[in-house]
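S.K.: My structure is below; once you've seen it, I'll send some questions.
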Amino acid sequence: MGRIIAIDGPSGAGKSTISKLLSERLGYIYIDTGAMYRTAALLALEAGIDLSNGDRVAQLCKSLAFSFRIEGDTVHVTCNGRDVTEAIRTHEMGMHASNVSKNPQVREVLVGLQRKLGGQHDAILEGRDIGTVVFPQATFKFYLDASMEERARRRYRELTEKGEGASLEEVKEAIRKRDINDSTRKTAPLKPAEDAIIIDTTGKDISTVMEEILQHIRKRDSR
Ligand code: DC
157 MGRIIAIDGP
167 SGAGKSTISK
177 LLSERLGYIY
187 IDTGAMYRTA
197 ALLALEAGID
207 LSNGDRVAQL
217 CKSLAFSFRI
227 EGDTVHVTCN
237 GRDVTEAIRT
247 HEMGMHASNV
257 SKNPQVREVL
267 VGLQRKLGGQ
277 HDAILEGRDI
287 GTVVFPQATF
297 KFYLDASMEE
307 RARRRYRELT
317 EKGEGASLEE
327 VKEAIRKRDI
337 NDSTRKTAPL
347 KPAEDAIIID
357 TTGKDISTVM
367 EEILQHIRKR
377 DSR
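Mapped onto this note's numbering, the consecutive letters of the sequence shown carry residue numbers 157 to 379.
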């Protein structure tokens with residue numbers, strides 16, 4: 157197995173931006189595990205499957221093959237040959253993904269795929285449970301967090317840039333709900349691994365957070 161960098165944390169903490177940059181900087185492959193839950197929700201909805209039907213959603217997940225390609229600022233997500241990048245990045249699909257991800261059978265299938273994808277290369281995996289469940293033996297575990305206000309503002313900015321019309325209050329409320337959903341579920345709840353390095357990104361720009369992470373990596377590598 158190659159080296160694994162786990163980037164966990166709640167939504168809007170800066171995980172995607174940092175993971176993409178790290179992947180480019182270090183030459184590791186990038187796996188966006190949130191995109192996998194989002195795609196599972198999208199395809200299940202399109203197939204008319206009730207999202208609370210864990211058996212059926214898990215069955216569907218068994219037939220999925222993912223690939224991720226970074227192009228400029230965008231991570232292109234392809235599932236079974238279809239580019240789902242745009243379709244999964246909506247406000248609603250985030251909430252659907254959070255609901256689908258509560259199901260242990262669905263998690264089992266997607267975690268299996270994540271281990272297979274990540275186990276073959278040096279890889280950066282971004283998610284909620286990478287350091288705790290998917291790769292507890294990861295070489296580096298980072299847990300990014302930020303204040304609710306700042307996370308909501310970042311998400312709001314992203315959505316507005318894409319022309320989605322949610323208000324800041326709506327975005328904040330959705331993030332709050334998703335936090336509760338993700339951190340109180342029974343299977344693999346969102347929480348930092350005991351040995352994770354916790355980085356609060358509130359008020360920090362991307363280059364500051366990147367430098368902090370790279371310093372941790374260099375420090376360990378120079379031992
Ligand atoms: O990171 P994101 O917003 O794209 O993730 C969407 C949802 O997927 C998130 O609210 C919870 C779920 N998820 C998960 O349960 N485990 C992961 N490793 C990644 C995401």
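Glycine included, C-beta positions come from ideal geometry on N, C-alpha and C. Note that this is a predicted model, so its numbers are computed, not measured.
1) Could you tell me whether any non-hydrogen atom of the ligand SAM is closer than 6 angstroms to the CB of residue 253?
2) Determine, using beta-carbon pairs with one atom in the stretch 240-253 and one in the stretch 192-204, whether at least three such pairs fall under 8 angstroms.
3) When DSSP labels each residue in this structure, what does residue 310 get in the three-state scheme?
4) So, using beta-carbon positions, are residue 298 and residue 163 closer together than 7 angstroms?
5) Within the same chain, show all residues whose beta-carbon is closer than 6 angstroms to that of residue 349, passing over the 5 residues directly before and after it, in chain order.
6) Does the stretch 362-369 come within contact of the stretch 275-295, defined as at least 3 CB pairs closer than 8 angstroms?
7) For the stretch 183-269, which segments carrying the beta strand (DSSP E) assignment without a break, of at least 3 residues, lie completely within its bounds, in sequence order?
8) Going by alpha carbons, who is nearest to residue 226 out of 186, 157, 320, 276?
9) Which residues mark the beginning and the end of the beta strand (DSSP E) in which residue 281 is found?
10) Just to confirm before moving on: does the CB-CB distance between residue 335 and residue 284 stay below 7 angstroms?
11) Note down the Cα distance separating residue 203 from residue 209, rounded to an integer number of angstroms.
12) Looking at the unbroken alpha helix (DSSP H) that takes in residue 169, where does it start and where does it end?
13) Pick from 165, 205, 206, 181: whose alpha carbon is nearest that of residue 188?
14) Span of the alpha helix (DSSP H) holding residue 330?
15) Reducing DSSP to helix, strand and coil, say where residue 346 ends up.
16) Please confirm whether any heavy atom of the ligand DC lies closer than 6 angstroms to the CB of residue 274.
17) When the Cα of residue 309 is compared with those of 300, 324, 295, which residue comes out closest?
18) Tell me, which residues are paired with residue 291 by DSSP?
19) Kindly examine the ligand DC and report whether one of its heavy atoms sits closer than 6 angstroms to the Cβ of residue 379.
20) Could you name the residues of the same chain whose beta carbon sits closer than 6 angstroms to that of residue 258, not counting the 5 residues immediately before and after it, in chain order?
M.R.: Looking at the atomic coordinates:
1) You won't find the ligand SAM in this model; what it holds is the ligand DC.
2) With the cut-off at 8 angstroms, the stretch 240-253 and the stretch 192-204 touch.
3) Three-state result, residue 310: helix.
4) In this structure, residue 163 lies closer than 7 angstroms to residue 298 by Cβ.
5) Cβ contact annotation for residue 349 (same chain, cutoff 6 angstroms, sequence separation greater than five): 287, 288, 297, in chain order.
6) The answer is no - the stretch 275-295 does not touch the stretch 362-369, with fewer than three Cβ pairs under 8 angstroms.
7) List check, beta strand (DSSP E) in window: 185-188, 222-227, 230-235.
8) Of 186, 157, 320, 276, the smallest CA-CA separation from residue 226 is found for 186.
9) Element bounds for residue 281: 279-283.
10) Not in contact: residue 335 and residue 284 (Cβ atoms no closer than 7 angstroms).
11) Going by the C-alpha atoms only, they are around 12 angstroms apart.
12) Counting along the chain, residue 169 sits inside no alpha helix (DSSP H), nor does DSSP assign it H or E at all.
13) For residue 188, the nearest C-alpha among the options comes from 165.
14) Element bounds for residue 330: 324-340.
15) Note: residue 346 maps to coil in three-state DSSP.
16) Incorrect: residue 274 has no Cβ contact closer than 6 angstroms to the ligand DC.
17) Taking each of 300, 324, 295 in turn and checking the Cα distance to residue 309, the smallest one comes out for 324.
18) In DSSP, residue 291 forms no bridge with anything.
19) Here the distance from the Cβ of residue 379 to the nearest heavy atom of the ligand DC is not below 6 angstroms.
20) 341.
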